[in-house]
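Numbering (my numbering), first residue to last: 22 to 463. The beta-carbon is built from N, C-alpha and C at its ideal position, and this holds for glycine as well. Just so we're clear, the structure is a prediction, and the values are computed from it rather than from any experiment.
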Ligand code: PHE
């Protein structure tokens with residue numbers, strides 16, 4: 022067996038893991054679902070989910086990866102026994118990763134298109150409706166959508182094929198610091214816009230009117246999606262950690278940073294929404310139809326626009342590579358293929374599946390898989406509402422009951438914290454996930 026690669030330092034691991042967690046989920050999805058669900062109370066439930074369910078499961082996944090030093094399927098066999106039934110959790114993760122990356126890449130394509138529009142100053146001097154029509158135009162063109170999806174897949178492929186040190190780690194270590202500089206700049210900028218205080222009160226004052234059971238489901242599901250949980254990305258990244266590294270502090274730091282980015286993106290986007298009287302509940306197009314309106318009007322807006330879409334592209338890429346690595350590391354190790362071959366085959370299949378999502382806003386826009394859901398919506402909801410929470414439920418039970426109290430005490434020296442983690446993963450998180458799934462079915 023080849024010696025397993027390891028991250029070169031703790032900081033480097035923190036950057037790649039934040040790179041995986043921080044992505045379209047934080048910048049594109051969080052603001053629009055918060056908008057659709059009325060803000061405040063939804064945000065509170067989301068924050069509670071991150072702490073009560075997300076963090077314990079994050080620690081569990083890191084542990085499973087680090088201690089097994091294996092891909093997400095073999096990991097359960099190493100920690101339990103050969104042919105362990107728990108390995109099914111790994112398989113579920115592979116399917117989730119495949120489905121998520123197929124539509125994630127389509128959204129990644131939209132970002133590339135908007136970055137190109139920004140770089141060519143296409144928003145300048147346009148009226149609000151002209152700017153908003155740009156999205157409609159993009160959505161209605163099947164070829165453009167497929168081409169952009171191909172381009173995003175190709176970039177992801179180009180990074181992952183380089184391997185752990187020369188691909189994933191090198192690129193995350195460049196892109197993530199740039200991301201944080203741009204984010205801070207935009208946050209400061211949004212504080213100067215007239216809608217800033219309304220954005221804060223929208224996100225942080227509790228208005229129970231709009232929240233529904235479906236909204237709660239969305240918040241629980243999103244806490245998995247945003248932390249890259251429930252499908253083995255964190256197990257896989259954890260497996261490249263040296264077995265001695267301390268996990269607790271790292272997990273808390275990553276969860277904290279992910280939340281800060283989501284809230285900051287919400288503040289930036291809603292400041293603009295309220296400054297220009299736009300509709301906060303306009304759904305998935307929120308980011309694409311609101312921000313460019315501002316970029317078209319403000320002097321220097323072109324540059325802010327380049328910074329913004331550049332930032333989103335960095336975040337999307339560093340998440341996409343973690344989704345791809347989950348699959349590559351498994352097939353690479355279990356089939357003994359080389360990395361080039363594995364990465365190429367998986368990317369071609371992903372490209373083909375992604376075409377269904379790319380066509381969901383045009384040719385296939387009225388083709389419903391179930392209940393008014395296009396392919397795009399189906400892949401999105403199937404994974405974030407069901408597959409990730411279910412994967413998380415099993416990982417949580419595995420950690421709480423199989424790995425168990427002794428190992429947790431060994432890892433976390435503080436008894437109180439160890440107890441909280443033990444009972445969260447044994448009982449609290451699984452019950453919360455079950456309640457949420459049952460609630461959504463009935
Ligand atoms: N966490 C990423 C985001 O917020 C998405 C993701 C999900 C990445 C699952 C890896 C695994 O965009």
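*asked:* Taking the beta carbon of residue 468 as the centre, do at least 16 other beta carbons fall within 10 Å, making it buried, or is it exposed?
replied: The first residue shown for the chain is 22 and the last is 463, placing residue 468 beyond what the model contains.
*Do residue 307 and residue 290 have their CB atoms nearer than 8 Å?*
Numbered from its first residue, the chain shown carries residue 307 at position 286. Numbered from its first residue, the chain shown carries residue 290 at position 269. It is a contact, given that the beta carbons lie within the stated cut-off.
*Which residue or residues does DSSP assign as beta-bridge partners of residue 394?*
In the chain shown, the residue the question calls residue 394 occupies position 373. Answer is 391.
_Burial state of residue 300 (16 or more Cβ within 10 Å)_ = Locating residue 300 in the chain shown gives position 279, where the first residue counts as 1. Answer is exposed; the Cβ neighbour count stays below 16.
_Given 7 Å as the limit, tell me if residue 298 has its C-beta closer than that to any heavy atom belonging to the ligand PHE._
For the purposes of this step, residue 298 is taken as residue 277 along the chain shown, with counting starting at 1. Flag unset: Cβ of residue 298 not near the ligand PHE.
*Can you tell me the Cα-Cα spacing of residue 383 and residue 133, whole angstroms?*
To locate residue 383, count along the chain shown from 1; it is residue 362. To locate residue 133, count along the chain shown from 1; it is residue 112. Note on geometry: alpha-carbon atoms of residue 383 and residue 133 lie some 19 Å from one another.
*Compute the minimum distance between the beta carbon of residue 228 and the heavy atoms of the ligand PHE, and state whether it is under 7 Å.*
Your numbering for residue 228 matches position 207 in the chain shown. Checking the 7 Å criterion, the Cβ of residue 228 is out of range of every heavy atom belonging to the ligand PHE.
*Give the DSSP-derived three-state secondary structure of residue 227 in the structure shown.*
Mapped onto the chain shown, residue 227 falls at position 206. In this structure, residue 227 counts as coil in the three-state DSSP scheme.
_I'd like the list of long-range same chain contacts for residue 272, defined as Cβ closer than 7 Å, with 5 residues on each side in sequence excluded._
As a first step, residue 272 must be located in the chain shown, where it is residue number 251. Contacts found: 76, 79, 80, 83.
*Grouping DSSP H, G and I as helix and E and B as strand, with all else coil, what is residue 267?*
In the chain shown, the residue the question calls residue 267 occupies position 246. Three-state DSSP puts residue 267 in coil, outside helix and strand.
*DSSP state of residue 383, grouped into three classes?*
The residue you call residue 383 lines up with position 362 of the chain shown. Assignment of residue 383 by DSSP, reduced to helix, strand and coil, places it in the coil class.
*Compare the C-alpha of residue 407 against each of 255, 258, 342, 241 and name the closest.*
Position 386 of the chain shown, counted from the first residue, corresponds to residue 407. The shortest C-alpha separation from residue 407 is found at 241.
*Within 10 angstroms of its Cβ, does residue 267 collect 16 or more other Cβ (buried), or is it exposed?*
Position 246 of the chain shown, counting from 1, holds the residue named residue 267. By the neighbour-count rule (16 or more Cβ atoms within 10 Å), residue 267 is not buried but exposed.
*asked:* Could you check whether residue 127 and residue 375 sit closer than 8 Å to each other, using their CB atoms as the reference points?
replied: On the chain shown, residue 375 is found 354 positions in, with the first residue counted as 1. On the chain shown, residue 127 is found 106 positions in, with the first residue counted as 1. Yes; because the gap between Cβ atoms is below 8 Å, this pair is in contact.
*Alpha carbon to alpha carbon, how far is residue 380 from residue 169?*
Taking the chain shown and counting its residues from 1, the one referred to as residue 380 is at position 359. Taking the chain shown and counting its residues from 1, the one referred to as residue 169 is at position 148. Going from the Cα of residue 380 to the Cα of residue 169 covers about 12 Å.
*Nearest-angstrom Cα separation, counted from residue 363 out to residue 349*: By 1-based counting over the chain shown, the position of residue 349 is 328. By 1-based counting over the chain shown, the position of residue 363 is 342. Cα to Cα, the separation comes out at about 6 Å.
*Given residue 35 as reference, the closest of 262, 59, 165, 230 once Cα atoms are compared*: Here residue 35 refers to the residue found at position 14 when the chain shown is read from its first residue. The residue with the shortest Cα to Cα distance from residue 35 is 262.
*asked:* Tell me the DSSP secondary structure of residue 399 in three-state form.
replied: Position 378 of the chain shown, counted from the start, is the residue given in the question as residue 399. Three-state DSSP puts residue 399 in a helix.
*Which whole runs of the beta strand (DSSP E) in the region 168–250 are 3 residues long or more, in chain order?*
none
_Classification of residue 235 by the beta-carbon crowding that lies within 10 angstroms, buried from 16 upward_ = Within the chain shown, residue 235 is the residue found at index 214, counting from 1. Per the 10 Å Cβ criterion, exposed.
*At least three beta-carbon pairs within less than 8 Å, the region 331–349 to the region 164–179*: yes
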